[in-house]
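Residues in the sequence shown are numbered from 409 upward in steps of one, following my numbering. Here's the structure we're looking at; comments come further down.
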Amino acid sequence: MKTGLLPELPVSAMLPALGQALAAGNSAVLVAPPGAGKTTLVPLALLDAPWLGAGRIVLLEPRRLAARAAARRMAELLGEEPGGTVGYAMRMENRTSAQTKILVVTEGVLSRMILDDPELPGVSAVIFDEFHERSLDGDFGLALALDVQGALRPD
């Protein structure tokens, strides 16, 4: 896991255990207080996970502002601009490239991705951030992702 250059935040101590849990199984739940680094450090730490392969990490954010801010912060930590290793996609705005490995999306974009191609080719992980902020779109996205995982993508 890519942790050497990341800032030390409370979630940093949990990253090795999270990586092991994801390598051993296909899902995990991480609970930590606000500001612990879940949004920015977890996707960056998973970049070098062997099970990721050539696939992307999709990070779901419930709001456009949060999606844009998360992508900008992760790109900044890598010394890049959004659209490189870290990109974002939302209705009427897309900052991605062929090099994008972490894609931050809003709920509607994730639902559309799954409906367009349920196998989610090129995606190795989906992270639901701020899931405690329940919404119909977020619940629908989780239901679709779990259905895909159970029927089409046991990985």
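Heads up, the beta-carbon is just placed ideally off N, CA and C, and yes, glycines get one too. What you are looking at is a predicted structure, and each value in this text was computed from that prediction instead of being measured.
- If you follow the beta strand (DSSP E) that Val-494 is part of, which residue opens it and which one closes it? In the sequence shown, the residue the question calls residue 494 occupies position 86. Where Val-494 is concerned, the enclosing beta strand (DSSP E) stretches over 494-498.
- Message: Given this structure, state the Cα-to-Cα distance separating Leu-485 from Ala-453, to the nearest angstrom.
- Response: Position 77 of the sequence shown, counted from the start, is the residue given in the question as residue 485. Position 45 of the sequence shown, counted from the start, is the residue given in the question as residue 453. Whole-angstrom Cα-Cα distance: 12 angstroms.
- Task: Using DSSP bridges, identify the partner residues of Val-419.
- Result: If you number the sequence shown from 1, residue 419 lands on position 11. Paired residue(s): none; Val-419 is not in a bridge.
- Query: How is the alpha helix (DSSP H) around Thr-514 delimited, first residue to last?
  - Reply: Residue 514 sits at position 106 when you count from the first residue of the sequence shown. Here Thr-514 belongs to no alpha helix (DSSP H); instead the beta strand (DSSP E) covers 510-514.
- Just grab the DSSP bridge partners of Val-466 for me. In the sequence shown, the residue the question calls residue 466 occupies position 58. Beta-bridge pairing links Val-466 to Leu-511, Val-534.
- Same chain, Cβ closer than 7 angstroms to Ala-436, neighbours up to 5 away in sequence not counted: In the sequence shown, counting from the first residue as 1, residue 436 sits at position 28. Cβ neighbours of Ala-436 beyond the five flanking positions: Leu-426, Ala-429, Leu-430.
- Message: If contacts are defined as beta-carbon pairs under 8 angstroms, then Leu-467 and Pro-490 qualify, I think. What distance do you get, rounded to the angstrom?
- Response: The count along the sequence shown starts at 1 and reaches residue 467 at position 59. The count along the sequence shown starts at 1 and reaches residue 490 at position 82. The Cβ separation is near 13 angstroms, so there is no contact.
- Query: In whole angstroms, what separates the C-alpha of Leu-550 from that of Phe-536?
  - Reply: Here residue 550 refers to the residue found at position 142 when the sequence shown is read from its first residue. Here residue 536 refers to the residue found at position 128 when the sequence shown is read from its first residue. Approximately 8 angstroms between the Cα atoms of the pair.
- Query: Does the Cβ-Cβ distance between Ala-364 and Thr-447 come in under 8 angstroms?
  - Reply: Nothing about residue 364 can be read from this structure; the chain reaches only from 409 to 563.
- Query: Below 8 angstroms between beta carbons: does that hold for Leu-417 and Leu-438?
  - Reply: If you number the sequence shown from 1, residue 417 lands on position 9. If you number the sequence shown from 1, residue 438 lands on position 30. No; because the gap between Cβ atoms is not below 8 angstroms, this pair is not in contact.
- Task: Report yes if the C-beta distance between Leu-544 and Ser-519 is below 8 angstroms; otherwise report no.
- Result: Position 136 of the sequence shown, counted from the first residue, corresponds to residue 544. Position 111 of the sequence shown, counted from the first residue, corresponds to residue 519. Not in contact: Leu-544 and Ser-519 (Cβ atoms no closer than 8 angstroms).
- Message: Here's the rule I'm using: 16 or more other beta-carbon atoms within 10 Å means buried, otherwise exposed. How should Arg-499 be labelled?
- Response: In the sequence shown, residue 499 corresponds to position 91, counting from 1. Looking at its Cβ environment, which holds fewer than 16 other Cβ atoms inside 10 Å, Arg-499 is exposed.
- Can you tell me whether Gly-445 is buried or exposed, with buried defined as 16 or more other CB within 10 angstroms of its CB? In the sequence shown, the residue the question calls residue 445 occupies position 37. Burial call: buried.
- Residues of its chain near Val-419, where Cβ-Cβ distance is below 6 angstroms and the 5 sequence neighbours each way are ignored: If you number the sequence shown from 1, residue 419 lands on position 11. Only Ala-440, Ala-444, Gly-445, Lys-446, Leu-449 meet the Cβ criterion.
- Task: Mind checking which residues open and close the alpha helix (DSSP H) that includes Arg-481?
- Result: The count along the sequence shown starts at 1 and reaches residue 481 at position 73. First-last of the alpha helix (DSSP H) with Arg-481: 472-485.
- Just how far apart, CA to CA, sit Gly-461 and Thr-493? Position 53 of the sequence shown, counted from the first residue, corresponds to residue 461. Position 85 of the sequence shown, counted from the first residue, corresponds to residue 493. Computed Cα separation, rounded: 15 angstroms.
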